[in-house]
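Please read the structure below before turning to the comments.
In our numbering, the protein residues as written are 18 to 144.
Listed below in structure tokens is the structure:
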């Protein structure tokens with residue numbers, strides 16, 4: 018039986034840009050970095066004991082081409098933040114981009130924003 022979520026993994030295009038995005042912009046604490054020979058693992062602490070794992074492969078990899086509406090694919094990671102507007106204003110400085118600006122979602126009872134990280138991974142930020 019499942020006890021908890023241990024980690025969430027993102028294959029990164031640029032490790033340093035991703036470290037700046039998740040560490041500096043989002044304020045996640047870097048836990049460790051492990052050289053696995055053909056790839057580097059970088060871990061960040063998420064709330065609740067969950068870890069974010071960034072994988073940087075040494076060999077060439079290909080970009081994911083899945084669309085937002087493609088079925089059977091992982092869509093996004095949602096993170097609760099304290100200031101959506103401030104985050105939206107700084108995303109592009111860290112290689113990210115806003116897909117949908119902050120807006121109130123009446124049916125779900127929160128204000129949310131869709132964005133991409135420097136790797137093109139979709140993230141939802143909400144307050």
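Even for Gly, the Cβ is constructed at its ideal location relative to N, Cα and C.
Residue from the options whose Cα sits closest to the Cα of residue i
i           : options              : result
residue 134 : 45, 21, 50 and 29    : 29
residue 50  : 73, 65, 64 and 31    : 73
residue 77  : 118, 94 and 31       : 31
residue 119 : 136, 42, 100 and 111 : 100
residue 158 : 131, 127 and 94      : Examination of residue 158 is not possible in this model, given that the chain is present from 18 through 144 alone.
residue 128 : 117, 136, 34 and 138 : 117
residue 67  : 121, 111 and 45      : 45
residue 136 : 35, 26 and 125       : 35
residue 138 : 61, 94 and 43        : 94
residue 144 : 112, 71, 115 and 104 : 104
Bounding residues of the alpha helix (DSSP H) (the contiguous stretch that carries residue i)
i           : result
residue 106 : 101-107
residue 150 : No information on residue 150 is available, as it lies outside the stretch 18 to 144 that the chain covers here.
Opening and closing residue of the beta strand (DSSP E) in which residue i lies
i           : result
residue 95  : 94-97
residue 49  : 47-52
residue 129 : 127-133
Where residue i falls, given that 16 or more other Cβ within 10 Å makes a residue buried
i          : result
residue 54 : exposed
residue 65 : exposed
residue 26 : exposed
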